[in-house]
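*Asks:*
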Amino acid sequence: MNPLKSDEYPAIYSDYIENVVGPVMEELHEQVETFPEFIQRIPEDLGDYTYAEGKWTVKEVLCHILDTERVMAYRALRFARNDMTELAPFEQDEFVQNGRHNERSLESIEEEFTYLRKANLALFNTFSETELERKGMASGRLITVKAFLYVIAGHVTHHRIILQERYLNNETNPDAVGGVLITH
Numbered sequence: 001m002n003p004l005k006s007d008e009y010p011a012i013y014s015d016y017i018e019n020v021v022g023p024v025m026e027e028l029h030e031q032v033e034t035f036p037e038f039i040q041r042i043p044e045d046l047g048d049y050t051y052a053e054g055k056w057t058v059k060e061v062l063c064h065i066l067d068t069e070r071v072m073a074y075r076a077l078r079f080a081r082n083d084m085t086e087l088a089p090f091e092q093d094e095f096v097q098n099g100r101h102n103e104r105s106l107e108s109i110e111e112e113f114t115y116l117r118k119a120n121l122a123l124f125n126t127f128s129e130t131e132l133e134r135k136g137m138a139s140g141r142l143i144t145v146k147a148f149l150y151v152i153a154g155h156v157t158h159h160r161i162i163l164q165e166r167y168l169n170n171e172t173n174p175d176a177v178g179g180v181l182i183t184h
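If you count the sequence shown from 1, position 156 lands on 156 in full-length UniProt numbering, and the numbers rise without skipping.
(1) Specify whether the region 98-109 and the region 38-58 touch according to this definition: at least 3 beta carbon pairs, one from each stretch, less than 8 Å apart.
(2) With three or more C-beta pairs closer than 8 Å as the rule, is the region 157-169 touching the region 47-67?
(3) For a test of the three-state rule: what should DSSP assign to Gly47, helix, strand or coil?
(4) Along the chain, which unbroken stretches of the alpha helix (DSSP H) at least 4 residues long are found entirely within the UniProt domain "DinB-like" (28-160)?
(5) With 16 as the cutoff for other CB atoms within 10 Å, does Met72 come out buried or exposed?
(6) Is the beta carbon of Leu87 closer than 8 Å to that of Arg78?
(7) For the candidate residues Glu91, Thr130 and Glu44, whose alpha-carbon lies nearest to that of Asn102?
(8) Count the other C-beta atoms from every protein chain shown that fall within 10 angstroms of the C-beta of Leu62, then say buried if there are 16 or more, exposed otherwise.
(9) Sorted by chain position, which residues of the same chain lie with C-beta nearer than 6 Å to Tyr16's C-beta, five sequence neighbours on each side aside?
(10) How about Thr130: is its C-beta nearer than 8 Å to some C-beta of chain D?
(11) Could you have a look at Glu1 and say whether DSSP puts it in helix, strand or coil?
(12) Using three-state DSSP, classify Leu163 as helix, strand or coil.
(13) Are the region 91-98 and the region 136-143 in contact at 8 Å, needing three or more beta carbon pairs?
(14) Could you compute how far the alpha carbon of His184 sits from the alpha carbon of Glu60?
(15) Let me confirm a value: Leu123 is counted as buried when at least 16 other C-beta atoms fall within 10 Å, else exposed. Which label applies?
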């Protein structure tokens with residue numbers, strides 16, 4: 001896969017894309033192992049924890065990752081198939097508000113991530129270099145198929161860091177287990 005260039009994505013995704021430190025496909029494959037392991041280390045009783053009033057719970061953050069991966073993979077598929085229809089934005093807060101995420105177990109979220117990522121990897125592996133270079137408009141912004149792969153990988157890393165720093169460390173959460181949750 002050719003390297004991602006800055007003109008392939010809007011600046012709004014820069015933070016996610018900068019979280020990808022190696023080849024994107026390797027990172028996507030690695031996350032299918034490491035992210036479920038991370039979720040397994042979160043005690044079930046912390047699933048409903050939030051570090052401040054009005055913030056999402058641990059389960060809501062994890063399910064937001066699932067929802068976002070689905071939306072970005074769908075967008076990548078549409079553009080890879082040369083569908084040039086402009087795609088509407090999705091409202092992440094509405095997705096969380098209406099997702100009933102706190103009714104779920106962390107184990108079910110972990111399992112869903114694994115299945116979702118494996119399915120997306122199977123799809124992404126079918127994309128040719130030509131398909132990866134295709135561009136389309138999503139949320140009013142021009143972006144390539146390849147950039148969506150980076151966004152997906154970087155988005156997981158972004159929220160894992162937030163979970164570690166704001167939800168699961170000893171300073172913000174007295175129920176955290178001796179810093180075990182913040183290790184990689």
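Ideal placement from N, C-alpha and C gives every residue a C-beta, glycine not left out. The structure displayed is predicted, hence computed values, not measured ones.
*Replies:* Walking through what the data contain:
(1) yes
(2) yes
(3) Taking the sequence shown and counting its residues from 1, the one referred to as residue 47 is at position 47. Coil at Gly47, not helix or strand.
(4) Fully enclosed alpha helix (DSSP H) runs of no fewer than 4 residues occupy 58-80, 92-97, 106-124 and 129-133 of the UniProt domain "DinB-like" (28-160), in order along the chain.
(5) Walking along the sequence shown from the start, residue 72 turns up at place 72. Under a 10 Å Cβ-count criterion, Met72 is classified as buried, with 16 or more other Cβ atoms of the shown protein chains found around its own Cβ.
(6) Within the sequence shown, the letter at position 78 stands for residue 78. Within the sequence shown, the letter at position 87 stands for residue 87. Cβ atoms of Arg78 and Leu87: closer than 8 Å.
(7) Start at 1 with the first residue of the sequence shown, and residue 102 comes out as number 102. Considering only alpha carbons, the answer is Glu44.
(8) Taking the sequence shown and counting its residues from 1, the one referred to as residue 62 is at position 62. Of the residues assessed, Leu62 falls on the buried side of the cut-off, its CB having 16 or more other CB atoms within 10 angstroms.
(9) By one-based count along the sequence shown, residue 16 stands at place 16. So the qualifying residues of the chain are Val151, Gly154, His155 and His158.
(10) Checking the listed chains, one finds no chain D in this structure; it contains a single protein chain.
(11) Counting from 1 along the sequence shown, the entry for residue 1 is found at position 1. Note that residue 1 is Met in the sequence shown here, rather than Glu. The answer is coil: DSSP assigns Met1 none of H, G, I, E or B.
(12) As a position in the sequence shown, residue 163 is number 163, starting the count at 1. The answer is helix: DSSP assigns Leu163 an H, G or I state.
(13) Short answer: they don't touch.
(14) One-based indexing of the sequence shown puts residue 184 at position 184. One-based indexing of the sequence shown puts residue 60 at position 60. Caution is warranted here: a pLDDT of 40 is assigned to His184, below 50, making its placement in the model unreliable, and the coordinate value is therefore given only provisionally. Cα to Cα, His184 sits roughly 21 Å from Glu60.
(15) Here residue 123 refers to the residue found at position 123 when the sequence shown is read from its first residue. With fewer than 16 other Cβ atoms within 10 Å, it is exposed.
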